[in-house]
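Student:
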Amino acid sequence: MGFWSWWPGSRRAARSPPGGDAAKDPSTREIKFFDRLTTKYGLASGACCSPDSPVSAGWASLRGKRSTNEDTVFCEFRTHKENGSDAGQPGTSVGCFGVFDGHGGPSAARFVCDNLFTNLIKNELFASNLVKAVADAYTETDGQYIELDAELQRDDGCTAVTAVLVGNRLVVAHCGDSRAVMSVGHKAMALSKDHKPNRDDERDRIEDAGGQVVWAGTWRVGGVLAVSRSFGNRMMKEFIIPHPEIREDTLTSKNQCLVLASDGLWDAMNNDETTRLALEHRRRGPEAAARAIVAEAYNRGSQDNITAVVVFFSYDGPSGSGRSSRASDHNVGMSR
């Protein structure tokens, strides 16, 4: 029997027991499996929980078949100190989650991970206009990194997918091909649309700015970059913008979990498979769920670094559509 054939998340393994959750306690074989992922393939993971709401979050990151891991992850609850319509009362915990996928090296991903949420929470609009504050934080962080990159004569970049949770209000933003998916009533709902150069609106924007989208094994901007938005990439900044698309949702009892992940996961798994596997591990907690989906993507042959954040919700509010009447999609700050 091959090493990958028996792990609990494998397609060849027995299904989870009735009730939809994986067994609460890991087997000896599973422990050995994840020990090997840790020692040989660079698996790391962690978890956190909100001090004042029924929300828990976990993350996992796997170097996989690459020699280095250029992904970074942010998973933390912070306390907001100001009052405002969008940030709740002073002392409210704010869930901050992000996955950052570097290209050309890990520097951009590390910088954005270290600075984006700090820039967001200190933004003067954070308490009153969260969507605009998120957009501003993306632009500010990119500007800071471009300045640093120029000083150091580097030219790398990173994609990003982030989520900010205040009470039951969720704001998801992304630039690039890292993706956000939410399980609503046991069905996967995409919260982002990958920024690829061959996406019609992205191709139009790039060509209007004087750039070219060409086929070079895959569709690439200028024959070089396979994403149309990212942080960094200062030599292509006229075409490769950091401006995020942003979506707001108000969570209800139908919202079960949120998954943020780099493209190393989505190259191997679709949205439904990912949220279903995460929910099967709910009894073990979000860290176990994140480890399971990352390992399954590797099991299926992903050649990239693989990083995921899983957030579990337990709201007791009305079981509406999972999408608020005030929820909307934003393409903030995009220039054509």
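UniProt numbering puts the first residue of the sequence shown at 1, with every later residue one more than the last.
Each residue gets a CB set at the ideal place from its N, CA and C atoms; glycine is no exception.
(1) Can you list, in chain order, the stretches of the alpha helix (DSSP H) that have 4 or more residues and sit fully within the stretch 155-184?
(2) Helix, strand or coil: how does DSSP classify D136 here?
(3) Taking 7 Å as the limit between beta carbons, can you name the residues of its chain near L225, skipping five residues before and five after?
(4) Per the contact definition of three or more C-beta pairs closer than 8 Å, is the stretch 41-50 in contact with the stretch 288-296?
(5) What first and last residue would you give for the beta strand (DSSP E) that runs through residue 369?
(6) Helix, strand or coil: which one does DSSP assign to K187?
(7) Using the three-state DSSP reduction, which class does F111 fall into: helix, strand or coil?
(8) On the DSSP bridge list, what partners appear for A295?
(9) Any contact between the stretch 277-284 and the stretch 187-206? By contact I mean 3 or more CB pairs, one from each, below 8 Å.
(10) Can you name the residues that DSSP bridges to residue 410?
(11) From Y138 to P242, what does the alpha carbon distance come to, in whole angstroms?
(12) Taking all protein chains shown into account, do 16 or more other C-beta atoms lie within 10 angstroms of the C-beta of Q212, making it buried, or fewer, making it exposed?
(13) Among all the DSSP beta bridges, which residues are the ones paired with F33?
(14) May I ask which residues mark the beginning and end of the alpha helix (DSSP H) holding A278?
(15) Using only CA atoms, which one of E147, V131, E124, S128 lies nearest to A108?
(16) Let's see if you can read the secondary structure: which residues bound the alpha helix (DSSP H) around D204?
(17) Please state the DSSP three-state secondary structure of A14.
(18) Whole angstroms is fine: what's the gap from G95's alpha carbon to C257's?
(19) Nearest-angstrom Cα distance between H103 and C158?
Tutor: Let me lay it out:
(1) As far as the stretch 155-184 is concerned, it has no whole alpha helix (DSSP H) run of at least 4 residues.
(2) DSSP places D136 in helix when its eight states are reduced to three.
(3) For L225, where only same-chain residues beyond five positions count, the Cβ hits under 7 Å are N233, M236, I240.
(4) Contact holds: three or more Cβ-Cβ distances are below 8 Å.
(5) The requested residue 369 is not part of the displayed model; the chain covers only 1 to 336.
(6) K187: strand per DSSP, three-state reduction.
(7) DSSP, read as helix, strand or coil, puts F111 in helix.
(8) The partner list for A295 (beta bridge, DSSP) is empty, contrary to what the question assumes.
(9) As far as the Cβ criterion goes, the stretch 277-284 does not touch the stretch 187-206, which means the pair count is below three.
(10) Any question about residue 410 goes unanswered here, given that the chain covers just 1 to 336.
(11) Straight-line measurement puts the Cα of P242 at about 7 Å from the Cα of Y138.
(12) With fewer than 16 Cβ atoms within 10 Å of its Cβ, Q212 is classed as exposed.
(13) Looking at the DSSP output, F33 shares a beta bridge with no other residue.
(14) For A278, the enclosing alpha helix (DSSP H) starts and ends at 271-280.
(15) Answer by Cα proximity: E147.
(16) DSSP places D204 in the uninterrupted alpha helix (DSSP H) bounded by 200-208.
(17) Legend: pLDDT at A14 = 32, less than 50; position of this residue unreliable, value from coordinates given subsequently. Here A14 sits in coil by DSSP.
(18) Spanning the alpha carbons of G95 and C257 requires a straight line of approximately 14 Å.
(19) Their Cα atoms are separated by approximately 6 Å.
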